[in-house]
Amino acid sequence: MLIINEQQIQKTYKMADAIQDLKAILAANLQGKIDNPHRTVLDFPERQASALYMPSADRAGRIAGVKVVTIFPENPAQGKPTTQGMILLTDADNGEHAALMTASYLTRLRTGALSAIATDRLARADSRTLTVIGTGAMAFEQVLGVLEVRSIERIILVNRTPEKAEAFGRKLTAFGVAVPWEVETDVSKAVRAADIICCATRSNEPVFAGADLQPGTHINGVGSYLPSMREVDEATLAKADKIIVDDLEGVKNEAGELIHGAQSGVWSFGDVHAELAEVVEGQKPGREEDNEITFFKSVGAAFFDLAVAQGVYAKVRADGTGIEVEM
Ligand SMILES: NC(=O)C1=CN([C@@H]2O[C@H](COP(=O)(O)OP(=O)(O)OC[C@H]3O[C@@H](n4cnc5c(N)ncnc54)[C@H](OP(=O)(O)O)[C@@H]3O)[C@@H](O)[C@H]2O)C=CC1
Numbered sequence: 017m018l019i020i021n022e023q024q025i026q027k028t029y030k031m032a033d034a035i036q037d038l039k040a041i042l043a044a045n046l047q048g049k050i051d052n053p054h055r056t057v058l059d060f061p062e063r064q065a066s067a068l069y070m071p072s073a074d075r076a077g078r079i080a081g082v083k084v085v086t087i088f089p090e091n092p093a094q095g096k097p098t099t100q101g102m103i104l105l106t107d108a109d110n111g112e113h114a115a116l117m118t119a120s121y122l123t124r125l126r127t128g129a130l131s132a133i134a135t136d137r138l139a140r141a142d143s144r145t146l147t148v149i150g151t152g153a154m155a156f157e158q159v160l161g162v163l164e165v166r167s168i169e170r171i172i173l174v175n176r177t178p179e180k181a182e183a184f185g186r187k188l189t190a191f192g193v194a195v196p197w198e199v200e201t202d203v204s205k206a207v208r209a210a211d212i213i214c215c216a217t218r219s220n221e222p223v224f225a226g227a228d229l230q231p232g233t234h235i236n237g238v239g240s241y242l243p244s245m246r247e248v249d250e251a252t253l254a255k256a257d258k259i260i261v262d263d264l265e266g267v268k269n270e271a272g273e274l275i276h277g278a279q280s281g282v283w284s285f286g287d288v289h290a291e292l293a294e295v296v297e298g299q300k301p302g303r304e305e306d307n308e309i310t311f312f313k314s315v316g317a318a319f320f321d322l323a324v325a326q327g328v329y330a331k332v333r334a335d336g337t338g339i340e341v342e343m
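Residue numbers (the numbering used here): 17 to 343.
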């Protein structure tokens, strides 16, 4: 079995790789080649934390995987990340466990890559201003994903704790992102200026007002993954011309703002325009008009992790950098 650590993955596997591998698995899933049973969640209420067990199998690729991801919101205070994960890949021909790899970066990367794919199909081609609401760990790859598919000239950072937005901006620059960034404390101003908005928070309440959205804006919302959480308000749901989701079954169970909207009657799950795969495969249209408001909501699914883990495994095996362990 290959053991692959965070450093090796970050060196070997980039946003463009993840976009390519995710597009392939989105197509395979649409063709019914992917097993994607619902995740099992264990809660640790004393820490307001959870552990998610996420299995999936690619019948065509003859490989199965399970990601175990933990979400411990109090961790940043101890200098540890909120979200941590491992992925185990299993050969579906002989049951051998092929690889065990860390999944913190991979989780951020695949979520950023999905937003990139959605942005590519849904944001206006002339989008220049990206507003980021929530500058925690997930937000970094959200920015990298958008930069991969649009010629962004201005990044506006909004965060509950503005000092953390400043640190996030400096991290972007240190990483080599040349696009100028600024921290904005007036969220209305940041939303009104945006062509694209990325939300990646742990908020239970909407983090911006739909009333501020300008025609033609595209929103990626990756934060809320529990029915009690919400980043986007009812006005946004009502105003959005197209709502696209990563995985319909997943969002029905987990996407707080959509569940809330459906319960309060402003919106219904029947109003979902498409799953992302249907847009990518041309079965449903993406953006059709410049003035449309589009909203991509993702909660994540195990087969997205399987796609990137397979990609990493293939690359690391090819360059011989993983650690081989006899089982
Ligand atoms: N869609 C998907 O596939 C995935 C989604 N996620 C989800 O993404 C979210 C972000 O994760 P991650 O970046 O790792 O978390 P972090 O803890 O690193 O960052 C959380 C961010 O949310 C902000 N925030 C927290 N509470 C509030 C609030 N009440 N109002 C406004 N902002 C708030 C924080 O602000 P501050 O800096 O002030 O603390 C910070 O910017 C989580 O909900 C996570 O579960 C994670 C993995 C995959």
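By construction, the Cβ of each residue, glycine as well, lies at the ideal position given by its N, Cα and C atoms.
Comparing the CB of Lys180 with every heavy atom of ligand 1, is any distance shorter than 7 Å?
-> On the sequence shown, residue 180 is found 164 positions in, with the first residue counted as 1. Checking the Cβ of Lys180 against ligand 1 gives yes.
Which ranges does the alpha helix (DSSP H) cover as unbroken runs of at least 4 residues, wholly within the region 175-259, from first to last along the chain?
-> 178-191, 203-208, 250-255
From Asp59, Phe191, Asp142, residue whose alpha carbon lies closest to that of Asp306 = Taking the first residue of the sequence shown as 1, we reach residue 306 at position 290. Of the candidates Asp59, Phe191, Asp142, the one whose C-alpha sits nearest the C-alpha of Asp306 is Asp142.
Within the 8 Å Cβ cut-off, does Lys30 reach chain B?
-> Protein chain content of the structure displayed is limited to a single chain, and chain B is not contained in it.
For Phe311, the residue or residues it bridges with in DSSP | Counted from its first residue, the sequence shown places residue 311 at position 295. Answer is Ile235, Ile259, bridged to Phe311.
CA-to-CA distance, Ala251 to Ala227, given in whole angstroms | Taking the first residue of the sequence shown as 1, we reach residue 227 at position 211. Taking the first residue of the sequence shown as 1, we reach residue 251 at position 235. Each residue's Cα considered, the two are about 6 Å apart.
Pull up the CB-CB distance for Met70 and Ala318, whole angstroms please, since I reckon it's below 8 Å.
-> The count along the sequence shown starts at 1 and reaches residue 70 at position 54. The count along the sequence shown starts at 1 and reaches residue 318 at position 302. Going by Cβ atoms, the distance from Met70 to Ala318 rounds to 4 Å, so yes, they are a contact pair.
If you follow the alpha helix (DSSP H) that Met31 is part of, which residue opens it and which one closes it?
-> Taking the sequence shown and counting its residues from 1, one reaches residue 31 at position 15. Where Met31 is concerned, the enclosing alpha helix (DSSP H) stretches over 31-46.
Applying the criterion that 16 or more other CB atoms from any shown protein chain within 10 Å of the CB defines a buried residue, is Thr177 buried or exposed?
-> For this step, residue 177 is matched to residue 161 along the sequence shown. With fewer than 16 Cβ atoms within 10 Å of its Cβ, Thr177 is classed as exposed.
Do you know offhand how far Thr301's Cα is from Leu188's?
-> The residue given as residue 301 occupies position 285 in the sequence shown. The residue given as residue 188 occupies position 172 in the sequence shown. The identity of residue 301 in the sequence shown is Pro, whereas the question assumes Thr. One C-alpha to the other measures close to 33 Å.
Using the DSSP secondary-structure output, state which residues sit across from Leu146 in a beta bridge.
-> Numbered from its first residue, the sequence shown carries residue 146 at position 130. Per DSSP, Ile171, Ile212.
Less than 8 Å separating the beta-carbons of Ile20 and Gly338?
-> Position 4 of the sequence shown, counted from the start, is the residue given in the question as residue 20. Position 322 of the sequence shown, counted from the start, is the residue given in the question as residue 338. Against a cut-off of 8 Å, the Cβ pair of Gly338 and Ile20 comes out as a contact.
Nearest to Ala254 by alpha carbon, out of Glu308, Glu297, Leu130?
-> Here residue 254 refers to the residue found at position 238 when the sequence shown is read from its first residue. Ranking Glu308, Glu297, Leu130 by Cα distance to Ala254 puts Glu308 first.
Consult DSSP for Ser284 and reduce its assignment to one of helix, strand or coil.
-> In the sequence shown, residue 284 corresponds to position 268, counting from 1. Coil.
When the Cβ atoms of the region 127-134 are set against those of the region 34-50, are three or more pairs found closer than 8 Å?
-> yes
C-alpha distance - Lys83 paired with Ala114, whole-angstrom precision = For this step, residue 83 is matched to residue 67 along the sequence shown. For this step, residue 114 is matched to residue 98 along the sequence shown. Roughly 14 Å separates the two Cα atoms.
Roughly how many whole angstroms lie between the Cα atoms of Val203 and Glu169?
-> Locating residue 203 in the sequence shown gives position 187, counting from the first residue. Locating residue 169 in the sequence shown gives position 153, counting from the first residue. Cα-Cα distance, rounded: 19 Å.
Where do the N-terminal and C-terminal ends of the alpha helix (DSSP H) with Gln26 fall, by residue?
-> Residue numbering aside, residue 26 sits at position 10 when the sequence shown is read from its first letter. Segment 22-28, the alpha helix (DSSP H) holding Gln26.
Taking Thr135 as part of the alpha helix (DSSP H), name the residues at either end of that continuous run.
-> The count along the sequence shown starts at 1 and reaches residue 135 at position 119. It spans 120-138 - the alpha helix (DSSP H) in which Thr135 sits, taken as one unbroken run.
State the beta-bridge partners of Ile275 as determined by DSSP.
-> Within the sequence shown, residue 275 is the residue found at index 259, counting from 1. Ile275 is not bridged to any residue.
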